[in-house]
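Participant: Okay, handing you the structure first.
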């Protein structure tokens, strides 16, 4: 049976335009994923709400998972706050499996995100959840939580995002 470790953001300090925070909405998305994982015969584990990114990595590495999915939302640099939109799907630069998984997730997000051309796959070596997990990992920034249109899109599409991921 395939297995995934769900790692919704623990960053309650990242506030959404119009109310709420990143941790809250990332956990709602993870909650929405669970019925689809079960129906597909995919087992899952999940990080502990209120923990740190290091805690999430340790929990993932301690289990017998096939894939690590970090669920986040993005914020623009202060000078561009509220002006950017889109989804970024990150994978560790040298991970062939991570790249494949990131491309699948990005292609699926393009089907539901209102501006498909702004869904991008991004290789990186800087994100701890991609660098320090022992299994293929993807970190998805679902949309920009500091942009009111993106924040409202996330809030209005929790179920669709969960099903999609």
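In this note's numbering, the protein residues as written are 96 to 260.
Glycine is no exception: its CB is placed at the ideal position from the N, C-alpha and C atoms.
1) Take residue 112 and list the residues in its own chain whose beta-carbon comes closer than 6 Å to its own, dropping the five residues that flank it on each side.
2) Quick check on DSSP: helix, strand or coil for residue 195?
3) Please state whether DSSP places residue 242 in a helix, a strand or coil.
4) Which residues does DSSP list as the beta-bridge partners of residue 103?
5) Could you please give me the residues that DSSP links to residue 62 through a beta bridge?
6) Can you tell me which of 186, 205, 167 and 249 puts its alpha carbon nearest to the alpha carbon of residue 104?
7) According to DSSP, is residue 183 part of a helix, a strand, or is it coil?
8) Which two residues bound the contiguous beta strand (DSSP E) that contains residue 218?
9) Would you decide whether residue 170 is buried or exposed? Buried here means 16 or more other CB atoms lie within 10 Å of its CB.
10) What residues in its chain sit with their C-beta under 6 Å from that of residue 257, if we drop five residues either side in the sequence?
11) Quick check: the segment 179-196 against the segment 213-230, are there 3 or more CB pairs under 8 Å?
12) Hey, out of 163, 144 and 109, whose CA is closest to residue 152's CA?
13) Is DSSP giving residue 222 helix, strand or coil here?
Facilitator: On the basis of the coordinates in this document:
1) 241, 243 and 246
2) helix
3) coil
4) 166
5) The chain is shown from 96 up to 260; residue 62 falls before or after that span and cannot be answered.
6) 167
7) strand
8) 214-219
9) buried
10) 124, 127 and 128
11) yes
12) 163
13) coil
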